[in-house]
Amino acid sequence: MSEYSLGNPEVIEEEVDILIIGGGMAACGAAFELQRWNENKNLRIKMVDKAAVDRSGAVAQGLSAINTYMGENDPADYVRYVRGDLMGITREDLVYDTGRHVDDSVHNFERWGLPIWKQEGDEDKSLTEGGKPVRSGRWQIMINGESYKPIVAEAAKKALGIDNIQERVFIVRMVDDKNDPGRVAGAAGFSVRENKMYVYKFKACLLVCGGAVNVFRPRSVGEGSGRAWYPVWNAGSTYAMAAEAGAELTLMENRFVPARFKDGYGPVGAWFLLFKAKAMNANGEDYQEKNAHLLQEHGYGAYVKGHAMGTCLRNHLMMHEMKNGMGPIFMDTVTALANLAEKMTPKEIKHLEAEAWEDFLDMTIGQCGIWAGENIEPDKEMSELMPTEPYLLGSHAGCAGIWCSGPEDLPGTPDHYHWGYNRMSTVRGLFTEGDGCGASGHKFSSGSHAGGRIAAKAMVKYVEDNSDIVPELDRTIDELKEEIYRPVQTFLEHKDYTTAIDVNPHYITPKMLQFRLQKIMDEYVAGVSTWYQTNAAMLGVAERKLGMLKEDSLKMRAKDLHELLRAWENYHRILAAEAHMKHIQFREETRYPGYYYRTDFLDLDDENWKCFVNSTYDRNTGEWACKKVEWVELIKEG
Ligand code: SFD
Ligand code: AMP
């Protein structure tokens with residue numbers, strides 16, 4: 003395909019009843035569930051993913067644990083746990099809803115072939131037959147999960163039918179209804195492989211494109227650049243497209259800064275919880291014990307129960323050491339494995355060592371590369387831990403996202419938690435789950451799948467109740483084409499002005515624009531270079547610079563389809579970044595110490611800020627508006 007034909011793509015228009023945008027955990031859950039509710043109804047359903055569903059999204063490389071499985075636990079306790087971990091403010095209706103439904107998804111994963119570890123003697127029993135899983139923590143169970151995503155994808159593909167799945171199409175924007183601006187009627191995007199633009203019309207859609215990675219300058223550089231903990235192909239599309247469609251966002255000030263094995267970004271859960279490893283400072287001290295008194299300051303310990311402290315607080319205690327020159331922080335893998343091996347046979351010890359490697363081979367292969375490349379044998383040498391660059395997400399230990407209507411049957415649910423169909427945003431017809439659904443973290447892979455199923459059921463009801471909707475787009479095909487392919491036109495118009503293709507006063511390459519975004523966010527919005535600290539003055543600078551960046555984003559060039567993808571991913575990142583910055587600016591307290599600090603408001607201030615911060619974006623003016631929204635306790639402390 004020549005670069006010149008790129009500006010004039012073939013246009014493919016399709017009308018369906020329900021469009022699933024994304025092909026990750028929530029999307030696959032929805033696809034599976036829709037089959038059930040669509041029996042004898044013949045609704046037209048389509049799934050569109052920018053990648054290939056078999057290996058797309060956060061679970062692409064696999065996982066070693068399912069982090070949300072109730073089993074013998076009461077979902078009310080799960081709500082208490084999530085509330086504590088996220089410093090008091092969560093939508094308890096949404097969290098409870100996930101808790102009461104999540105196990106069925108896990109049982110299905112096992113039925114579809116996912117190997118779930120069982121306790122001795124129960125190896126041949128499935129979970130539904132009473133087989134007891136190997137728990138790493140109260141909520142987490144261990145799996146052999148290299149093929150987790152293909153297994154979940156296979157069930158989704160079978161349910162929907164291959165013909166109803168469109169892979170390699172990147173959705174750029176939602177389109178409002180011409181006759182009803184409070185409702186979405188369509189979505190538009192382009193093939194990342196062929197010169198084709200896609201325009202969908204629908205009655206309802208599930209927007210589940212994951213969270214936002216590479217918004218901040220990553221710690222990885224040079225040949226490691228591109229390595230991050232969360233998937234780099236989560237580019238903020240969910241938040242940006244929802245915001246542009248007018249949907250209210252919530253808790254976008256929240257972010258996740260995970261403590262990870264340094265440079266390879268290997269997760270720590272299995273090491274802390276299953277292998278019972280301890281982390282220590284440069285002097286071999288247990289900094290969590292040593293720094294426990296820090297939780298008395300600024301009210302940070304308000305939600306600590308017994309020894310259980312929120313994920314951000316564990317970071318807070320670790321960062322204190324690093325900021326005070328007491329790093330590196332080491333994960334003592336050596337003692338952990340030696341303790342476990344004490345009562346083991348040589349064969350069992352070999353197996354244990356294999357598990358230590360498999361934990362990463364199953365989900366973060368790059369960490370094994372680091373171990374191999376640096377001659378680290380975990381039973382002989384400790385590994386460094388490091389807090390990563392921030393990620394925006396709503397399904398792991400973070401709660402950024404879209405403000406969604408919750409279930410209708412929970413006692414005490416206030417009206418502002420429930421205004422329509424479950425998991426529908428404030429824009430009619432626009433549903434979300436997984437990383438998209440705000441104020442309800444700790445869904446993880448299983449909860450995101452279950453959430454997709456909850457949303458699917460509600461979408462079918464919405465479509466049936468609104469069968470008279472005839473979606474009409476408020477943008478013409480030509481307008482959409484001009485907007486989506488603008489980076490290509492910019493390139494074609496100006497490329498001959500200079501002899502060096504990447505240097506041109508009329509355009510900026512997506513890669514360079516991304517560096518600019520990451521530098522602004524890193525230096526002014528509490529990235530790693532300021533040890534996650536910011537204040538009103540820094541945010542003021544960020545606001546100005548992001549405004550100019552947004553203006554300049556219209557000058558991004560695309561010399562091929564790959565760059566067109568990168569250009570739009572970066573545009574989505576900018577909007578997600580702007581929302582994050584505006585929310586941090588609005589919330590004048592430090593709610594999540596260890597994730598970020600407002601140095602001008604260092605206290606956790608329950609009196610003024612035990613509330614949600616919600617925002618809306620006006621795509622015509624480019625302005626954001628933030629407001630406080632009341633938080634309500636539904637589950638009493640047990
Ligand atoms: O170890 C467009 N997660 C863990 N969950 C667990 O249950 N256990 C773990 O062990 C977990 N850990 C973990 C996890 C993730 C990662 C990356 C690592 C380790 C290394 C979290 C879960 O994976 C996560 O919660 C869910 O996957 C979230 O689901 P969802 O559906 O919200 O997002 P997705 O799966 O990433 O899917 C996104 C999809 O959108 C597509 N997409 N399609 C069209 N147009 C666009 N513009 C699009 N933009 C994106 C993507 O291709 C994808 O299909 S551990 O750290 O704790
Ligand atoms: P991670 O590997 O860090 O993503 O963690 C996986 C799961 O284990 C998540 O549910 C975490 O909240 C939990 N977890 C990780 N480390 C700890 C810890 N030190 N104490 C308690 N829970 C943890």
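My numbering numbers the first residue of the sequence shown as 3 and each following residue consecutively.
All C-beta atoms in this analysis are idealised placements derived from N, C-alpha and C, irrespective of residue type, glycine included.
Anticipated Cβ contact below 8 Å, Val429 with Gly268, distance rounded: The residue you call residue 429 lines up with position 427 of the sequence shown. The residue you call residue 268 lines up with position 266 of the sequence shown. Wrong, their Cβ atoms sit about 39 Å apart, outside the cutoff.
At 3 residues or longer, and completely inside the region 588-634: list those beta strand (DSSP E) runs for me, N to C. 613-620 and 625-632
Pairwise C-alpha distance: Cys30 and Ser107: For this step, residue 107 is matched to residue 105 along the sequence shown. For this step, residue 30 is matched to residue 28 along the sequence shown. Each residue's Cα considered, the two are about 11 Å apart.
Is it true that the CB of Pro220 sits closer than 7 Å to the CB of Ala60? Position 58 of the sequence shown holds residue 60. Position 218 of the sequence shown holds residue 220. The answer is no: Cβ separation not under 7 Å.
How many angstroms separate the CA atom of Glu355 from the CA atom of Arg140? Here residue 355 refers to the residue found at position 353 when the sequence shown is read from its first residue. Here residue 140 refers to the residue found at position 138 when the sequence shown is read from its first residue. The straight-line gap from Cα to Cα measures roughly 24 Å.
Proximity of Val194 and Leu519 at Cβ, strictly below 7 Å: Residue numbering aside, residue 194 sits at position 192 when the sequence shown is read from its first letter. Residue numbering aside, residue 519 sits at position 517 when the sequence shown is read from its first letter. Not a contact, by the Cβ cut-off of 7 Å.
Looking only at its chain, what residues have a beta carbon closer than 6 Å to the beta carbon of Ala569, apart from the 5 residues adjacent to it on each side? The residue labelled residue 569 in the question sits at position 567 within the sequence shown. Hits under 6 Å: Pro489, Pro512, Met558 and Ala560.
Sequence-distant residues of its chain with Cβ nearer than 6 Å to Val97 (five each side left out): Position 95 of the sequence shown, counted from the first residue, corresponds to residue 97. These residues qualify, in order along the chain: Val81, Val84 and Ser442.
Please state if the CB of Met523 and the CB of Phe218 are separated by a distance shorter than 7 Å. The residue you call residue 218 lines up with position 216 of the sequence shown. The residue you call residue 523 lines up with position 521 of the sequence shown. Cβ atoms of Phe218 and Met523: closer than 7 Å.
Along the chain, where does the alpha helix (DSSP H) containing Gly449 start, and where does it finish? The residue given as residue 449 occupies position 447 in the sequence shown. Run containing Gly449: Phe446 to Asp467, per the alpha helix (DSSP H) assignment.
Contacts around Met176, its chain only, beta-carbon distance under 6 Å, and the 5 residues preceding and following it disregarded: For the purposes of this step, residue 176 is identified with residue 174 of the sequence shown, where counting begins at 1. Cβ within range, chain order: Val186, Ala189, Met243 and Ala247.
What residue range does the beta strand (DSSP E) around Ala340 cover? The count along the sequence shown starts at 1 and reaches residue 340 at position 338. Taken as a continuous stretch (DSSP letters only), Ala340 belongs to no beta strand (DSSP E), being part of the alpha helix (DSSP H) at Thr335 to Ala343.
Cβ atoms of Ala155 and Phe34: under 7 Å apart, would you say? Taking the sequence shown and counting its residues from 1, one reaches residue 34 at position 32. Taking the sequence shown and counting its residues from 1, one reaches residue 155 at position 153. It is not a contact, given that the beta carbons lie outside the stated cut-off.
C-alpha distance - Gly449 paired with Gly101, whole-angstrom precision: Taking the first residue of the sequence shown as 1, we reach residue 449 at position 447. Taking the first residue of the sequence shown as 1, we reach residue 101 at position 99. Distance between the alpha carbons of Gly449 and Gly101 is about 8 Å.
So is Met72 buried or exposed if we call it buried at 16+ other beta carbons inside 10 Å? The residue given as residue 72 occupies position 70 in the sequence shown. Burial call: buried.
Does the beta-carbon of Val61, which I'm using as the reference point, lie nearer than 6 Å to any heavy atom of the ligand SFD? Taking the sequence shown and counting its residues from 1, one reaches residue 61 at position 59. Within the cutoff, so yes.
Using a threshold of 6 Å, is the CB atom of Tyr232 nearer than that to any non-hydrogen atom of the ligand SFD? As a working mapping, residue 232 is identified with position 230 in the sequence shown. Yes.
Report the residue from Gly132, Gly238, Ala206 and Met27 whose alpha carbon sits nearest the alpha carbon of Asp470. Within the sequence shown, residue 470 is the residue found at index 468, counting from 1. Checked all of Gly132, Gly238, Ala206 and Met27; the closest Cα to Asp470 is Ala206.
Three-state secondary structure assigned by DSSP to Met282: In the sequence shown, counting from the first residue as 1, residue 282 sits at position 280. Strand.
By DSSP's criteria, Asp124 is part of a beta bridge. Which residues make up the other side? On the sequence shown, position 122 is the one that residue 124 refers to. Answer is none; Asp124 lacks a bridge partner.
Taking the CB atoms as reference points, tell me whether Trp405 and Asn616 lie closer together than 7 Å. Within the sequence shown, residue 405 is the residue found at index 403, counting from 1. Within the sequence shown, residue 616 is the residue found at index 614, counting from 1. Yes.
Let me check you understand the geometry: is the CB of Lys52 closer than 6 Å to at least one non-hydrogen atom of the ligand SFD? Taking the sequence shown and counting its residues from 1, one reaches residue 52 at position 50. Result yes, Cβ under 6 Å from the ligand SFD.
With hydrogens ignored, establish whether the beta-carbon of Cys314 is closer than 6 Å to any heavy atom of the ligand SFD. As a working note, residue 314 is residue 312 in the sequence shown. Cys314 Cβ: outside cutoff for every heavy atom of the ligand SFD.
Just to be sure I understand the criterion: a residue counts if its Cβ is closer than 5 Å to at least one heavy atom of the ligand AMP. Which residues meet that? Asn69, Pro269, Val270, Gly271 and Phe274
Where does Asn285 land, buried or exposed, given buried means 16+ other C-beta within 10 angstroms? Taking the first residue of the sequence shown as position 1, residue 285 is located at position 283. Looking at its Cβ environment, which holds fewer than 16 other Cβ atoms inside 10 Å, Asn285 is exposed.
Enumerate in chain order the residues of its own chain whose CB-to-CB distance from Arg593 is below 7 Å, with the five nearest sequence positions on each side excluded. Residue 593 sits at position 591 when you count from the first residue of the sequence shown. Once the five neighbours on either side are set aside, the close Cβ partners of Arg593 are Met89, Leu606 and Trp611.
For the putative contact between Tyr305 and Gly86, defined by C-beta atoms under 8 Å, what is the C-beta separation to the nearest angstrom? Position 303 of the sequence shown, counting from 1, holds the residue named residue 305. Position 84 of the sequence shown, counting from 1, holds the residue named residue 86. Yes, Tyr305 and Gly86 are in contact; Cβ-Cβ is about 5 Å, under 8 Å.
Is Cys401 a contact residue of the ligand SFD, with contact defined as CB to any heavy atom under 6 Å? As a first step, residue 401 is located in the sequence shown; it is residue number 399 there, counting from the start. Checking every heavy atom of the ligand SFD against the Cβ of Cys401, none is found closer than 6 Å.
For Cys207: DSSP bridge partner residues: On the sequence shown, position 205 is the one that residue 207 refers to. Note: Cys207 sits in a beta bridge opposite Leu21 and Leu432.
Between the alpha carbons of Lys629 and Glu131, how many angstroms are there, rounded? Reading the sequence shown from its first residue, position 627 is the one you call residue 629. Reading the sequence shown from its first residue, position 129 is the one you call residue 131. Those two C-alpha atoms are separated by around 49 Å.
Relative to the ligand SFD, is the shortest distance from any of its heavy atoms to the C-beta of Phe111 smaller than 6 Å? Counted from its first residue, the sequence shown places residue 111 at position 109. The answer is no for Phe111.
Closer than 6 Å: Gly329 CB and nearest the ligand SFD heavy atom: In the sequence shown, counting from the first residue as 1, residue 329 sits at position 327. It does not: the Cβ of Gly329 is nowhere closer than 6 Å to a heavy atom of the ligand SFD.
Proximal residues to Pro152 (C-beta, below 6 Å), its chain only, five neighbours per side dropped: To locate residue 152, count along the sequence shown from 1; it is residue 150. Around Pro152: Asp56.
For the region 349-379, which segments carrying the alpha helix (DSSP H) assignment without a break, of at least 4 residues, lie completely within its bounds, in sequence order? 367-375
Looking at Asp106 and the ligand SFD, is the gap between the Cβ and the nearest heavy atom below 6 Å? Your numbering for residue 106 matches position 104 in the sequence shown. Every heavy atom of the ligand SFD is 6 Å or more from the Cβ of Asp106, so no.
When every heavy atom of the ligand SAH is checked, does at least one fall within less than 6 Å of the C-beta of Cys211? Of the ligands one can find in the structure shown, namely the ligand SFD and the ligand AMP, none is the ligand SAH.
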